[in-house]
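>
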Ligand SMILES: Cc1cc2nc3c(=O)[nH]c(=O)nc-3n(C[C@H](O)[C@H](O)[C@H](O)COP(=O)(O)OP(=O)(O)OC[C@H]3O[C@@H](n4cnc5c(N)ncnc54)[C@H](O)[C@@H]3O)c2cc1C
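Numbering (my numbering), first residue to last: 42 to 422.
1. Residue 248 and residue 379: beta carbons closer than 8 Å?
2. Which of helix, strand or coil does DSSP assign to residue 156?
3. Does at least one heavy atom of ligand 1 sit under 7 Å from the Cβ of residue 210?
4. Kindly indicate which residue of 82, 184, 294 has the alpha-carbon position closest to the one of residue 200.
5. So, for residue 422: in the same chain, excluding its five sequence neighbours on each side, which residues have a beta-carbon less than 7 Å away from its beta-carbon?
6. Kindly confirm or deny that the region 128–140 and the region 277–295 touch, where touching means at least three C-beta pairs closer than 8 Å.
7. Could you compute how far the alpha carbon of residue 331 sits from the alpha carbon of residue 206?
8. So what's residue 222 in DSSP terms, helix, strand or just coil?
9. Taking the beta strand (DSSP E) that residue 247 falls in, what are its first and last residues?
10. May I have the straight-line CA-CA distance separating residue 404 from residue 414, to the nearest angstrom?
11. Please go through the same chain and pick out, in chain order, the residues whose beta-carbon is closer than 7 Å to the beta-carbon of residue 397, but skip the five residues on each side of it.
12. Quick one: residues in its chain with C-beta nearer than 6 Å to the C-beta of residue 72, no 5 flanking neighbours on either side, listed in chain order?
13. Taking the beta carbon of residue 370 as the centre, do at least 16 other beta carbons fall within 10 Å, making it buried, or is it exposed?
14. Tell me whether residue 76, by its Cβ, gets closer than 7 Å to a heavy atom of ligand 1.
15. Could I get the ranges of all uninterrupted beta strand (DSSP E) runs contained in the region 286–347, with 3 residues as the minimum, in chain order?
16. Taking DSSP as the reference, what is the three-state secondary structure of residue 115?
17. Rounded to whole angstroms, what's the CA-CA distance from residue 127 to residue 242? Just pull it up for me.
18. Rounded to a whole number of angstroms, what is the C-alpha to C-alpha distance between residue 314 and residue 258?
19. Taking the alpha carbon of residue 260 as the point to measure from, which residue in 164, 120, 316 has its own alpha carbon closest?
20. Can you tell me the Cα-Cα spacing of residue 120 and residue 58, whole angstroms?
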């Protein structure tokens with residue numbers, strides 16, 4: 042085995058989270074090595090695809106709001122640094138049956154952080170966006186700061202800037218094992234062994250394997266997206282249609298307006314096929330396309346014409362759908378971020394900053410305590 046050098050920090054996994062971590066470390070002048078098992082731009086993990094939603098009045102918990110606000114600021118900084126357009130604000134609406142507690146967490150997020158959200162009736166939604174057909178007895182919660190990111194250009198921008206600032210980034214070099222002791226960490230791939238002061242593990246759906254000793258409660262799910270060419274394109278462009286979420290008897294679905302060449306996106310959020318990255322089914326069945334078509338035909342008539350694309354992607358679920366960001370309990374120099382439960386990409390710019398803090402200072406000013414692994418203490422060993 043070739044001994045291939047000493048670094049200050051090694052980052053394992055260069056998807057959404059790892060690319061941002063490498064960028065923040067390199068920007069701080071740290072000697073960083075990033076390793077990824079696959080070629081740059083691969084589609085085996087979680088960060089590929091045409092769009093990712095970003096929302097501010099967070100519906101999963103108000104505790105995420107400061108992190109997502111930091112991410113919004115960092116995405117705009119990244120745009121300024123690269124001269125690329127990465128983030129589009131369209132506003133976003135969550136639609137579901139009008140029942141007690143509808144949108145309560147979003148409202149709490151808004152109240153706590155002084156944000157604006159609007160509660161809309163079915164008629165108000167249809168008057169504002171003629172692309173929707175909302176059943177009687179449904180309502181919506183509108184967040185004007187919602188929008189979407191272009192994930193592949195975001196990851197590429199982080200990688201390019203990291204490399205420009207001196208990071209060594211090796212794609213197609215999988216980490217086989219790692220160890221840590223008082224002197225630092227050692228990471229072995231098929232071809233080389235590297236040492237460093239600290240190790241960051243951002244391995245997406247593979248995190249459970251590379252952190253097997255922690256028995257983290259992580260479950261990869263195989264998900265899919267379908268992209269339709271609308272038959273009424275004048276209704277669904279991003280200048281006149283929002284990022285949307287619809288919860289009904291069919292399940293919870295989300296999507297992004299029609300983008301030039303890509304069509305209108307739809308995916309299911311609340312259920313996927315449990316898998317490993319190796320066993321995940323990478324094809325899309327005709328019934329799956331039919332299901333998404335039926336959902337759009339019910340709530341967004343005119344949205345479904347020709348299928349332009351259908352793709353798979355992996356979520357990494359935790360039992361409570363909140364992320365896990367922590368330090369290895371036995372190795373203070375090893376930190377990890379995992380279990381992004383299908384809503385992590387929007388945060389990745391901020392997670393990179395947080396992981397760079399943890400790897401170099403051992404602590405961060407950002408409020409991540411609610412994401413500690415200790416909340417699963419009863420279920421992990
Ligand atoms: C269909 C779909 C829709 C989504 N929609 C949204 C959305 O609208 N908004 C949002 O915020 N989030 C969304 N998400 C979630 C978001 O995309 C993920 O939370 C995020 O991309 C996770 O990034 P990651 O860096 O943890 O994982 P990944 O991007 O998968 O990166 C992990 C990397 O680690 C590498 N790796 C693993 N093991 C090793 C090893 N042993 N050695 C070297 N490298 C290794 C892999 O090759 C991979 O490149 C969606 C996800 C999917 C699948």
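For every residue, glycine included, the Cβ atom is placed at its ideal position computed from N, Cα and C.
Quick caveat: nothing in here was measured; it's all calculated off a predicted structure.
Once the coordinates are examined:
1. yes
2. coil
3. It does not: the Cβ of residue 210 is nowhere closer than 7 Å to a heavy atom of ligand 1.
4. 82
5. Per-residue confidence for residue 422 stands at a pLDDT of 45, beneath the threshold of 50, marking its modelled position as unreliable; no derived number is given.
6. yes
7. 47 Å
8. strand
9. First-last for residue 247: undefined, no H or E at that position.
10. One alpha carbon belongs to residue 404, the other to residue 414, and they sit about 16 Å apart.
11. 62, 65, 66, 69
12. 48, 49
13. exposed
14. A distance criterion of 7 Å places the beta-carbon of residue 76 in contact range of ligand 1, judged by its closest non-hydrogen atom.
15. 292–296, 305–309
16. helix
17. 25 Å
18. If I take the Cα positions, the gap works out to 16 Å.
19. 316
20. 17 Å
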